[in-house]
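Structure record follows, encoded as structure tokens.
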Amino acid sequence: IAATQPSTNWHLKENAREHHTSKFSSEELIVRRGQAFTITFNGTERPEQNLIFIAETGPKPSKATKTLATFDISSTVSKEGWSAVLQSSSSSSVSISISSPQNAVIGRYRLSVQSGTSSPASLGTFVLLFNPWSSGDDVFMPNKAECEEYVLEEFGIIFAGNKNHISSFGWNFGQFQGDILNICLSILDRSLYYRQDPVTDVSHRHDPRYLGRVLSAMVNANDDQGVVLGNWSGKYEGGKNPTSWTGSGEILQSWKKSGFKPVKYGQCWVFAAVLTTVLRCLGIPTRTITNFSSAHDADGNLRVDEYYDADGNHLERGADSVWNFHVWNESWFTRNDLGPSYSGWQILDATPQEESGGIYQCGPASRHAIKEGEVDLDYDGPFVFAEVNADCMYWNYDSATGKKTLIFSKSTEIGDSISTKAVGRDGRVDVTRDYKYEEGSAKEREIFKKARKKLGLEDKFDPTAPKQEEIEQKPDISGKFKVAGSLEVGKDLNLLLVLENLQSDAKTVNVKMTAWSTLYTRRRVNQIWKDSLSVTLAPKEEKQFPIKIKYPEYQQQLTTDKTIQVTALCHVEDGIQVLVKRNITLDNPGIDIQVLGEAKVNKEVVVEVAFTNPIDSEVKDCVLQVEGSDLLQGVLELRIPPLKASEKSSTKFKLIPSEAGPKHLLVNFSCDKFADIKTFKVVNVIN
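Heads up: the sequence shown is residues 345 to 1031, going by the numbering used here.
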């Protein structure tokens, strides 16, 4: 090697095209493992003669930990290790095709070259990622459209609301924007695993199963000063309300800018969306999954207990809970530790709910194992199984005596309408059947019993064989809440309580009713309304009782989750109590986006956002937040003057798109009366 430092041409454009990394905006080479890339460098004399390449990663590279490779020029690509094949050479430069093994450690590599006895000369650095397009990779995904969606798509749709009323909002994953890749790599270097043993940690980074688990711990702030701090209190001072985020980029950038202090605040979909960004960025196919009526079984008995007082108020007793919805992740990779039938989608959950191995991490749990009740397989099977399958027990609790009485139990309540975004379009796909057999079927009960048996629970309480004091009597009446009219913030809430006498003699019923504003986790925040009524139902009679909760009654009490729980505890004379409950999620009013004119690459285009105040009082503190990958840098925030009753506001701003194709613009509007009205619009950008 000549004394001069060799200058390297990394062929960024060509290599990126071949490796599906063109969306990264980087001056550094970013390639995928198990696939060749070409570089040209000069500064070598007679290059064919004994050139040796050195690729190394991590703090103490070694051949034993597969973090150091030395390889010379060969005529063919090595099946096992790294290899270099000569493409062409001239008197001043040489072109080499370099291939990494399909199970190489991912991360940033230093590449150098050595000729003869002289010391190695640095060629520079490159980043190596997982390769879902390569059939030998653990993350190989045969379906190309799924690769496009689950690795390359920067826009997602997250489902929320409740099982009676599914809503959705857009999210900007933004995994290819700005500095996100570097931030993702620094997340790995800040994990507890790395801090305890950097050499071993880096040597495990070939394994998506290992990285998935590490990142499920690092995306939450618990234990390790990770990325996002959770907050389910309903009070978000000192940070951003979890419902106000519209993308992961701002969160990851803030984490880095603050010197890696946890970003305030997140709830389940924020953890899941950030984990999606990081895993897609590293090349592991990943999606968000929403489970409706999701159980948080804190004591591992596959059952969730809920307590109510004599007035029908839902009590904060016991650690179990049922959330209106919960969002987690699925990532696609093989499970060499479990066997081929357990490969495919794996469940990861970065929301800090229960500790696993002493820290807040969850998964990967094989989705197939969950469906088959194989809860003893790694990792965290019992918790995930309970999220979609737990049985529900509803108790009446008397705080004076400490006595609890079973009101009823239900085995079909939990794990409803499990949802994810469709591939290549903005629709919802229901994946409930991939998690469990049909509710109420013999097979579903058989799997539930199998899971209980594996956990050693078959002798303890089994809903199909209750203890004496827990035997359910048949109720004399049935009840339900029906929605009458629209469910919209700013409008009165109209419900019907429907009671039916199931017996052939008259029944007198005393009903205690309450409505509470809640978080989406069903945690009570403020009482909104209460009432009681007494009624005698003739034999087999059905009666309807209208309930109206006016907007001014609930407006001050509503949380930004816009959820209300209504309960009616029915005391039947000489009979057993019947609990009627319904969780209601209100919709925000709409907001409208118009693109004025044609959107072209590197040309200004004007966008107009319109909002009409639907209520008969002024709204103030209005803020519009806008973001969208390839449409604008970062997040644009615009303040809007107060709006009088029924007044319409129209706000214009400019975009300069940086790339052609269908791009998603996300808008979030907030004011003192309406929190986080979200919408998105596809902008077709042309060259």
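Where a beta carbon is used, it is the ideal one built from N, C-alpha and C, also for glycine.
Treat the numbers as computed from the prediction; the structure is a model and nothing was measured.
Opposite tyrosine 686 in the DSSP bridges: which residues? The sequence position of residue 686 within the sequence shown is 342, counting from 1. Beta-bridge pairing links tyrosine 686 to no other residue.
Considering only DSSP beta bridges, list what arginine 534 is partnered with. Taking the sequence shown and counting its residues from 1, the one referred to as residue 534 is at position 190. None; arginine 534 has no bridge partner.
Ignore the nearest five residues each way along the sequence and tell me which others in alanine 489's own chain have a CB closer than 8 angstroms to its CB. Along the sequence shown, read from residue 1 onward, the residue named residue 489 stands at position 145. If we look at alanine 489 and ignore the five residues flanking it on each side, its Cβ neighbours are Val767 and Gly768.
From which residue to which residue does the beta strand (DSSP E) around tyrosine 334 run? With the chain running from 345 to 1031 in the structure shown, residue 334 is simply not present.
For lysine 824, count the other beta carbons within 10 Å of its own beta carbon; 16 or more makes it buried, fewer makes it exposed. Which is it? Residue 824 sits at position 480 when you count from the first residue of the sequence shown. Label assigned to lysine 824: exposed.
To the nearest angstrom, how far is the alpha carbon of valine 618 from that of glutamine 909? Looking up residue 618 in the sequence shown gives position 274. Looking up residue 909 in the sequence shown gives position 565. Valine 618 and glutamine 909: Cα-Cα distance of roughly 29 angstroms.
CB-CB length for isoleucine 450 against arginine 377, believed under 8 angstroms: Taking the sequence shown and counting its residues from 1, one reaches residue 450 at position 106. Taking the sequence shown and counting its residues from 1, one reaches residue 377 at position 33. Yes, they are in contact, since the Cβ atoms of isoleucine 450 and arginine 377 sit about 7 angstroms apart, within 8 angstroms.
Skipping 5 residues on each side, what residues in its chain have a beta carbon closer than 7 angstroms to that of threonine 1023? Mapped onto the sequence shown, residue 1023 falls at position 679. These residues qualify, in order along the chain: Ile935, Ile937 and Val1011.
Quick one, which of Val775, Gly656, Phe889 and Ser665 has its alpha-carbon nearest aspartate 649's? As a working note, residue 649 is residue 305 in the sequence shown. Of the candidates Val775, Gly656, Phe889 and Ser665, the one whose C-alpha sits nearest the C-alpha of aspartate 649 is Ser665.
Length-filtered (3 minimum) beta strand (DSSP E) runs lying within the stretch 839-924: 851-862, 868-881, 886-893 and 907-916
Can you tell me whether DSSP reads valine 933 as helix, strand or coil? Sequence index remark: in the sequence shown, residue 933 carries index 589 (1-based). For the sequence presented, residue 933 should be read as proline rather than valine. It is coil, neither helix nor strand.
Using a Cβ distance threshold of 8 angstroms, determine whether the stretch 845-855 contacts the stretch 915-923, with at least three qualifying pairs required. yes
On a CA-only basis, which of Ile502, Ile758, Asn508 and Ser822 is nearest phenylalanine 517? Give me that one, please. Here the question's residue 517 lines up with position 173 in the sequence shown. Of Ile502, Ile758, Asn508 and Ser822, the residue nearest in Cα terms is Ile502.
DSSP three-state assignment for lysine 605, whether helix, strand or coil: By one-based count along the sequence shown, residue 605 stands at place 261. Of the three classes helix, strand and coil, the one that applies to lysine 605 here is coil, per DSSP.
DSSP beta-bridge partners of phenylalanine 1070: Examination of residue 1070 is not possible in this model, given that the chain is present from 345 through 1031 alone.
Can you give the Cα-Cα distance for threonine 409 and proline 708, rounded to whole angstroms? As a first step, residue 409 is located in the sequence shown; it is residue number 65 there, counting from the start. As a first step, residue 708 is located in the sequence shown; it is residue number 364 there, counting from the start. About 23 angstroms.
Considering only DSSP beta bridges, list what asparagine 353 is partnered with. For the purposes of this step, residue 353 is identified with residue 9 of the sequence shown, where counting begins at 1. Thr384.
CB of leucine 472 within 9 angstroms of CB of arginine 454, strictly: Sequence index remark: in the sequence shown, residue 472 carries index 128 (1-based). Sequence index remark: in the sequence shown, residue 454 carries index 110 (1-based). It is not a contact, given that the beta carbons lie outside the stated cut-off.
How would you label glutamate 991, buried or exposed, when you count the other beta carbons within 10 angstroms and need 16 or more for buried? On the sequence shown, position 647 is the one that residue 991 refers to. By the neighbour-count rule (16 or more Cβ atoms within 10 Å), glutamate 991 is not buried but exposed.
Do tyrosine 738 and isoleucine 751 come within 9 angstroms of each other at the CB atom, strictly closer than that value? For the purposes of this step, residue 751 is identified with residue 407 of the sequence shown, where counting begins at 1. For the purposes of this step, residue 738 is identified with residue 394 of the sequence shown, where counting begins at 1. Cβ atoms of isoleucine 751 and tyrosine 738: closer than 9 angstroms.
Find the nearest neighbour of glycine 402 within the set Ala465, Pro542, Phe415 and Cys528, judged by alpha-carbon distance. For the purposes of this step, residue 402 is taken as residue 58 along the sequence shown, with counting starting at 1. Checked all of Ala465, Pro542, Phe415 and Cys528; the closest Cα to glycine 402 is Pro542.
Mapping the DSSP letters down to three states, classify isoleucine 463 as helix, strand or coil. On the sequence shown, residue 463 is found 119 positions in, with the first residue counted as 1. Residue identity check: residue 463 is serine in the sequence provided, not isoleucine. Three-state DSSP puts serine 463 in coil, outside helix and strand.
Please determine, among Trp613, Lys601, Asp643 and Pro696, the residue with the shortest C-alpha to C-alpha distance to histidine 562. Locating residue 562 in the sequence shown gives position 218, counting from the first residue. Histidine is not the amino acid found at residue 562; the sequence shown has methionine there. Nearest C-alpha to methionine 562: Pro696.
Completely contained beta strand (DSSP E) runs for the stretch 764-790, where each covers 3 or more residues: 772-774
Relative to the C-alpha of proline 565, which residue among Ala380, Lys608, Phe385 and Asn838 is closest? One-based indexing of the sequence shown puts residue 565 at position 221. According to the sequence shown, residue 565 is alanine rather than proline. Of the listed residues, the one whose Cα sits closest to alanine 565 is Lys608.
Using the Cβ count rule (16 or more neighbours within 10 Å means buried), how would you classify leucine 849? Your numbering for residue 849 matches position 505 in the sequence shown. For clarity, residue 849 is aspartate in the given sequence; the question names leucine instead. Looking at its Cβ environment, which holds fewer than 16 other Cβ atoms inside 10 Å, aspartate 849 is exposed.
How would you label glutamine 812, buried or exposed, when you count the other beta carbons within 10 angstroms and need 16 or more for buried? For the purposes of this step, residue 812 is taken as residue 468 along the sequence shown, with counting starting at 1. Reliability fails at glutamine 812, whose pLDDT of 47 lies under 50, so the model's placement of it is uncertain and no value is given.
For glutamate 971, does the count of other Cβ atoms within 10 angstroms reach 16, so buried, or fall short, so exposed? The sequence position of residue 971 within the sequence shown is 627, counting from 1. That one is buried.
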